[in-house]
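Heads up, the sequence shown is in my numbering, so the first residue is 1 and it goes up one at a time. Just so it is clear, CB atoms sit at the ideal spot from N, CA and C, and this is done for glycine as well. Note that the structure is a prediction, hence the values are computed from the model and not measured.
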Amino acid sequence: MGTNLLWVGPPEPPETVVRLAERRGWSLRSADPEDGAGAATRYRPAAVVVGTDDADLDRLRAAAPASIAYCPPTTTAEGVGAASAAGVDVVLPQDTDEWGVDTLDDRLAAVESASASIADGMGSNHDTPREAAGDPPAPTGTATPTDGRPPRGTLTVDEEGRISYVGERAAELLGRDAEALLGRELQEALPWADLGRLEAMDDLDAGDGTVATAERLMPANRWLELTARPTEAGATVTVVELDPAERRRVVLDRLHGLTRRLFAAETPDAIAEIACEAARDVLGLEVVVVRLADSANDGLRVAAETDPVEELMPERSRYGAGESISGTVYEEGSPQISLDLDEARFGEVRSTISLPLGDHGVMSVGSTAADAFDEADVSLARLLSTTVTAALDRAERETQLRRREAVLESVQGMVFVLDEDRLVDYVSTPLAERLGVSREEIVGKHVVEFVDVTEFYGAESRLREGVSELSLDVHIDSPSGESFPARVELSVLDHTERGRTLVGIVEDRSTLAETREDLRREHERLWTLFENLPDPVVDAEHVEGGPVIRAANDAFADVFGVDREAIVGQRIDEVLSLPAGEQAGDTPPEAINERVREGEVTGAKVQRETAHGARTFLFRGIPYAENGSVRAFGIYTDVTEIERRERHVKVLDRLLRHNLRNDLGVVIGRAENVLDRADDPEIESEAAALVEAANGLIDLSDTAKRIRRIIEGPETERSTIGVASLFGTVAADAREQFPEATIRVEDDLDDFAVLATSDLRLALEELVENAIVHGADDPTVDLRAEPFEPAPGEWVDLLVVDDGPGIPEAERAAITGSRDITQLQHGSGLGLWLVRWAVESVGGDVSFERRDGHTVVRLRLRRATE
């Protein structure tokens, strides 16, 4: 046995191959793919490891009698198929999880320990003499046999496709009775799937020498080749038994074809089924069982078997590791060939070949004859098991990849995986979208194409020192040219023979950076507002014992006479105090502080001592959270003068309304006495005017009272008011009060309804009365409604139209606010003010206009919808 290990592939052998040579005590030799066969001839290696798809495996197999391991960088169906066709002993691609010196050593050892001395194989019944049937075809120049029998058999087919002649040798090779075949259609007599190729003979020309061929596996592992040649009368079919070399060629070709199916299968059970089918249909092995490892029960289960197994062997669905032949082969990882079994537990099976399928299971082949398998059978079975093992390796890796990808995909974030060479092995959809490219464009690229090489390898060195995970702040460069700040949580995903794989979770921090900048600008704006508010403002933190001042503006320092820097850190209740002799009132400072501390925006009227004496403030506490603590802005608006004016107004209002009504009552009484006793028409006229003016003042006082109620205590709950009903009530009251006036209500108002309060009726009554009193001698007032055209579903216009002279410009200007109210421009009555405030209190609007010689007052109100 040689002492060299030959590496065929790139100049630098992988670490696994180097360690194998060291373990075996072999000298490691290297050769490029083109010189693999030559190197094998020169070095006579003990084993060959092929690490490339470019090597000529057929030449290498012919030059090297040693074990050959096919170990390319990645698994491909084409590569494994070529290795199978060349008769490679071990298939172990470097991208499989099993790749490593232990696995490679074990599999080579299993090949080396296989039995080299195998019986010649069981006999067959093809020596039984057969007789010819039918009329023989014309001589074709067949060579004279060397063993007393013709080397090939012959049968003919007539123009209708029926068998017209079967030679003795053909019947013998086919294992059929010649008479039974005569007169039958070829496809019916020999219903073989491969025979379909011979149907092409119908399209052949008898004069151009073309033929159609088919191969067929027969019992006893014999391969026949059928060749059809067209003749004038139909066709002649020759039957030839292939010699061992040809048989191996056909088998290897078929195994090569099966490789694609094995690699396309997605589950181990599907691979097991194909393996049984291949052993039966390609190798001619009828009794085949594939058992796969069952991790849940720590044993071997039957994953697939051929039909004869159930008939020939007692039922045994599961073996433990080390139990029986299959369990031993699985545990030790070495094939076992048994040629003379004589135990009841094997049933009728007398010979077996048991081959390990790596860590996946065992493939067993059996026969009812003793000494049934020759060296060729073992070699081809081992070749099949090698291909099946590679397919199972690939299926396991694909399953793990799918499982890993499913887990990664379930993480709704930006995730990536780096392989041992720091190439991107996986990238999640959100990360690819953030980078602006497809996932396919990223996978396979080196990580330093996206992040700074110095920063990344600085983190890489920390991982080598034993850190399992770390955070890395980097700028990620997108292929589209955009760069964004990110935090990457980097950790070790897996340890392999080649190194470590890494997983990274990316947090896009561009939004955070933008938010920080926005917060900075917002803080600047807020601080500018804080500093420049004319009202005193304090920023306080609520702690145990009460709020503590953290900042105050200049207005606070001026109003309360304090140093804004010196009061920072003091409790606010120690800085501000109640005026001497004043009580806390309904809302003491403790209650205000508690409400603000609980996060409630609080407002209260408070009295505080200032640099200018006692003052009344409207206090507003606005809480906010900062770094886990409760902070609040306290704003103090001085309302001392407003309160003082309000008190004066209330006192004057009560005095004036009470005294005015009393004094006007006296005036009216005296004037009516004068009116009753006077005989002078001029005196009577003056007295009547006096009574009318006094009554007007009383009405004005009542209107002022209603206005005060609307302003100080408006109704807040709006309800749906039907316009037709409202107009009808207002019109009826006006007709009763002013019988000389004509009040008309527009028809078809049922579809109109508005959101308002009962004050709307007061406003309409005031407008109707104003139109009648200040109108013509026989006034006419129309009440109408129409949708507001720009938004007919949201707003309704109520119109009061009269034929009077119109409302004076000074009145309209004062009411609408287009002119300031002065001593000379103030409006003569309060009625229109009542209308304005009543409508505006429910979110409406009032306007005036002249239209076709009429005065139109429009009340625009929110339309009520169901």
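Query raised in the report: In the structure shown, what three-state DSSP assignment does A370 receive?
Result: Counted from its first residue, the sequence shown places residue 370 at position 370. In this structure, DSSP gives A370 a state outside helix and strand, which the three-state scheme calls coil.
**Report entry** Residue from G599, L384, D535 whose Cα sits closest to the Cα of V91
**Finding:** Sequence index remark: in the sequence shown, residue 91 carries index 91 (1-based). Ranking the options by Cα distance to V91, first place goes to L384.
**Report entry** Touch test, the segment 518 to 531 against the segment 549 to 557, Cβ-Cβ under 8 Å, three pairs minimum
**Finding:** A contact exists between the segment 518 to 531 and the segment 549 to 557.
Query raised in the report: What did DSSP end up calling H612 once you bin it into helix, strand or coil?
Result: Counting from one through the sequence shown, the residue named residue 612 turns up at place 612. Here H612 sits in coil by DSSP.
Query raised in the report: How would you write the range of the alpha helix (DSSP H) that N770 sits in, first residue to last?
Result: Numbered from its first residue, the sequence shown carries residue 770 at position 770. Note, N770: alpha helix (DSSP H), 759 to 773.
Query raised in the report: Taking contact to mean at least 3 C-beta pairs separated by less than 8 Å, is the segment 256 to 274 in contact with the segment 285 to 298?
Result: yes
**Report entry** DSSP-derived helix/strand/coil call for L533
**Finding:** Position 533 of the sequence shown holds residue 533. Reduced to three states, the DSSP call for L533 is coil.
Query - Alpha-carbon to alpha-carbon, D518 and E871 - result: Residue 871 is absent from the structure shown; the chain starts at 1 and stops at 866.
**Report entry** Residue from V427, E672, N695 with nearest C-alpha to A687
**Finding:** Taking the sequence shown and counting its residues from 1, the one referred to as residue 687 is at position 687. Of the candidates V427, E672, N695, the one whose C-alpha sits nearest the C-alpha of A687 is E672.
Query raised in the report: Are the CB atoms of L224 and E241 nearer to each other than 8 Å?
Result: If you number the sequence shown from 1, residue 224 lands on position 224. If you number the sequence shown from 1, residue 241 lands on position 241. Yes, they are a contact pair.
Query raised in the report: Which whole-angstrom value describes the C-beta separation of S351 and F373, a residue pair presumed to lie in contact below a C-beta threshold of 8 Å?
Result: Position 351 of the sequence shown holds residue 351. Position 373 of the sequence shown holds residue 373. 6 Å between Cβ atoms; contact.
Query - Reference V575, options R595, T610, E600, closest by Cα - result: For the purposes of this step, residue 575 is taken as residue 575 along the sequence shown, with counting starting at 1. Ranking the options by Cα distance to V575, first place goes to T610.
Requested in this report: Flag this pair as touching only if the segment 385 to 395 and the segment 294 to 313 have three or more C-beta atom pairs under 8 Å; answer yes or no.
Outcome: no
Query - First through last residue of the beta strand (DSSP E) which encompasses S326 - result: Taking the sequence shown and counting its residues from 1, the one referred to as residue 326 is at position 326. That residue, S326, is in no beta strand (DSSP E); its alpha helix (DSSP H) goes 324 to 332.
Query raised in the report: So which of A756, L28, V548, V365 has the shortest CA-CA distance to L339?
Result: In the sequence shown, the residue the question calls residue 339 occupies position 339. Comparing Cα-Cα distances from L339 to each of A756, L28, V548, V365, the minimum goes to V365.
Query raised in the report: Apart from the five residues on each side of it in sequence, which residues of its chain come closer than 7 Å, Cβ to Cβ, to G358?
Result: One-based indexing of the sequence shown puts residue 358 at position 358. Result list for G358: E98, T389, L392, D393, in chain order.
Query raised in the report: Helix, strand or coil: which one does DSSP assign to R862?
Result: In the sequence shown, the residue the question calls residue 862 occupies position 862. DSSP places R862 in strand when its eight states are reduced to three.
Requested in this report: Output the distance between the C-alpha atoms of F727 and V796, rounded to the nearest integer angstrom.
Outcome: On the sequence shown, residue 727 is found 727 positions in, with the first residue counted as 1. On the sequence shown, residue 796 is found 796 positions in, with the first residue counted as 1. Between F727 and V796, the C-alpha separation is close to 14 Å.
Query raised in the report: Quick one: what does DSSP say L20 is sitting in, helix, strand or coil?
Result: Taking the first residue of the sequence shown as 1, we reach residue 20 at position 20. Three-state DSSP puts L20 in a helix.
Requested in this report: May I ask which residues mark the beginning and end of the alpha helix (DSSP H) holding E310?
Outcome: Looking up residue 310 in the sequence shown gives position 310. Looking at the DSSP string, the run of the alpha helix (DSSP H) that includes E310 is 307 to 312.
Query raised in the report: Does the separation of the CB atoms of I549 and A540 fall below 8 Å?
Result: Within the sequence shown, numbered from 1, the residue matching residue 549 stands at position 549. Within the sequence shown, numbered from 1, the residue matching residue 540 stands at position 540. Yes.
Report task. Can you check DSSP and say which residues form a bridge with Q911? Result -> The structure shown does not extend to residue 911, since the chain is modelled only from 1 through 866, so no value can be given for it.
Query - Proximity winner among Q607, R608, N593, relative to V601 (alpha-carbon distances) - result: To locate residue 601, count along the sequence shown from 1; it is residue 601. Of the listed residues, the one whose Cα sits closest to V601 is N593.
Report task. Determine the closest residue to V867 out of R851, L226, L526, with distance taken between C-alpha atoms. Result -> Since the displayed the chain opens at 1 and closes at 866, residue 867 lies outside it and no answer follows.
**Report entry** Same chain, Cβ closer than 7 Å to E420, five either side skipped, listed in chain order
**Finding:** Along the sequence shown, read from residue 1 onward, the residue named residue 420 stands at position 420. For E420, where only same-chain residues beyond five positions count, the Cβ hits under 7 Å are T496, R498, G499, R500, T501.
Query raised in the report: Residue ranges of each beta strand (DSSP E) run of no fewer than 3 residues wholly in the segment 393 to 478, ordered along the chain?
Result: 414 to 418, 424 to 427, 469 to 477
Query raised in the report: Apart from the five residues on each side of it in sequence, which residues of its chain come closer than 7 Å, Cβ to Cβ, to A731?
Result: Counting from 1 along the sequence shown, the entry for residue 731 is found at position 731. Excluding residues within five positions, the ones whose Cβ falls inside 7 Å are I743, V745, L783.
Report task. Report all residues from its chain with a CB closer than 7 Å to the CB of L490; omit the five preceding and five following residues, and keep chain order. Result -> Taking the sequence shown and counting its residues from 1, one reaches residue 490 at position 490. Shown here for L490: same chain residues with a beta carbon closer than 7 Å to its own, the five before and five after excluded, namely A459, E469, L470, L472, L502, G504 in chain order.
**Report entry** Of the residues L258, D508, A776, the one placed nearest A278, counting alpha carbons only
**Finding:** Along the sequence shown, one-based indexing puts residue 278 at 278. The residue with the shortest Cα to Cα distance from A278 is L258.
Query raised in the report: DSSP on N4, reduced to helix/strand/coil?
Result: Residue mapping note: residue 4 aligns to position 4 of the sequence shown, counting from 1. N4 falls in the strand class under three-state DSSP.
Query raised in the report: Would a C-beta distance cut-off of 8 Å place V282 and V329 closer than the cut-off?
Result: For the purposes of this step, residue 282 is taken as residue 282 along the sequence shown, with counting starting at 1. For the purposes of this step, residue 329 is taken as residue 329 along the sequence shown, with counting starting at 1. Not a contact, by the Cβ cut-off of 8 Å.
Report task. Specify the secondary structure class of F556 as computed by DSSP and reduced to three states. Result -> Walking along the sequence shown from the start, residue 556 turns up at place 556. Reduced to three states, the DSSP call for F556 is helix.
Query raised in the report: Can you tell me whether V857 is buried or exposed, with buried defined as 16 or more other CB within 10 angstroms of its CB?
Result: Here residue 857 refers to the residue found at position 857 when the sequence shown is read from its first residue. Per the 10 Å Cβ criterion, buried.
Query - Best match in E441, L174, P534 for proximity to V559 [C-alpha to C-alpha] - result: Walking along the sequence shown from the start, residue 559 turns up at place 559. Selection E441, L174, P534 evaluated against V559 yields P534 as nearest (Cα-Cα).
Requested in this report: Please state whether DSSP places A632 in a helix, a strand or coil.
Outcome: Stepping through the sequence shown from its first residue, residue 632 is reached at position 632. DSSP places A632 in strand when its eight states are reduced to three.
Query raised in the report: Can at least three beta-carbon pairs, one atom from the segment 767 to 776 and one from the segment 796 to 807, be found at a separation below 8 Å?
Result: yes
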